[in-house]
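Read the structure below first, then the notes.
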Amino acid sequence: MPFKRYVEIGRVALINYGPEFGKLVVITDVIDQNRALVDFPEQERRVVNFKRLAITDFKVDIKRHAVKKDLKKALADADVVAKFAASSWGQKLAKQAAKAATSDFDRYKATVVKAKKARAVRKVLNGLKKTAAPKKK
Numbered sequence: 001m002p003f004k005r006y007v008e009i010g011r012v013a014l015i016n017y018g019p020e021f022g023k024l025v026v027i028t029d030v031i032d033q034n035r036a037l038v039d040f041p042e043q044e045r046r047v048v049n050f051k052r053l054a055i056t057d058f059k060v061d062i063k064r065h066a067v068k069k070d071l072k073k074a075l076a077d078a079d080v081v082a083k084f085a086a087s088s089w090g091q092k093l094a095k096q097a098a099k100a101a102t103s104d105f106d107r108y109k110a111t112v113v114k115a116k117k118a119r120a121v122r123k124v125l126n127g128l129k130k131t132a133a134p135k136k137k
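Going by the UniProt record's numbering, the sequence shown opens with residue 1, and the numbers climb by one from there.
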């Protein structure tokens, strides 16, 4: 399978470090070998180092330095946000965010459910062991 995550105009990326962590952006211009100009409808256009970007498989068809109106239209046509959320990467990030948002009581409830499940499995397994192989005297 060929490599397809190239840095190019219109490539969707995920910010993986810093105050904007976890936000999707679109590369609107490549400044040099280390930095890109990125933009997204709800965010300001800014320069980001490539070390802070994780390139995704998604690409929108925009021109260099596209205005917000064109960017919004291209994102809506490509349905990038929904596609990313449906991908395994997006689901993993959503799961991590949900886990981080749990309270102490939620974690306690999850532990209780896990213990009940383990107890039920152990009970069935012990019953099967007794019926499968009776002890030899």
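All C-beta atoms, glycine included, are put in the ideal place defined by N, C-alpha and C.
Is residue i near residue j, with beta carbons less than 8 Å apart?
{"i": "VAL26", "j": "LEU71", "result": "yes"}
{"i": "VAL47", "j": "ILE62", "result": "no"}
{"i": "THR28", "j": "ALA82", "result": "no"}
{"i": "LEU24", "j": "PHE40", "result": "yes"}
{"i": "ALA94", "j": "ALA85", "result": "yes"}
Going by DSSP, what residue range makes up the beta strand (DSSP E) through residue i?
{"i": "LYS129", "result": "It is not in any beta strand (DSSP E) - LYS129 instead sits in the alpha helix (DSSP H) that spans 104-132."}
{"i": "ARG64", "result": "That residue, ARG64, is in no beta strand (DSSP E); it is neither H nor E in DSSP."}
{"i": "ARG46", "result": "46-49"}
Quickly, what does DSSP pair residue i with across the bridge? List them, please.
{"i": "LYS59", "result": "ARG11"}
{"i": "ARG5", "result": "None; ARG5 has no bridge partner."}
{"i": "VAL26", "result": "VAL12 and ASP39"}
{"i": "ALA54", "result": "LEU14"}
At what residues does the alpha helix (DSSP H) containing residue i begin and finish?
{"i": "ALA85", "result": "80-86"}
With a CB to CB cut of under 7 Å and the five nearest residues on each side skipped, what residues in its chain are close to residue i?
{"i": "ASN49", "result": "ASN34 and ARG35"}
{"i": "GLU42", "result": "none"}
Leaving out the 5 sequence neighbours to the left and right, which residues in its chain are closer than 6 Å to residue i when beta-carbon positions are compared?
{"i": "LYS59", "result": "GLY10 and ARG11"}
{"i": "ALA110", "result": "none"}
CB-CB under 8 Å to residue i, same chain, minus the five flanking residues each way: which ones, in chain order?
{"i": "GLY18", "result": "ARG52"}
Problem set entry | At least three beta-carbon pairs within less than 8 Å, the segment 5-14 to the segment 52-70 | yes
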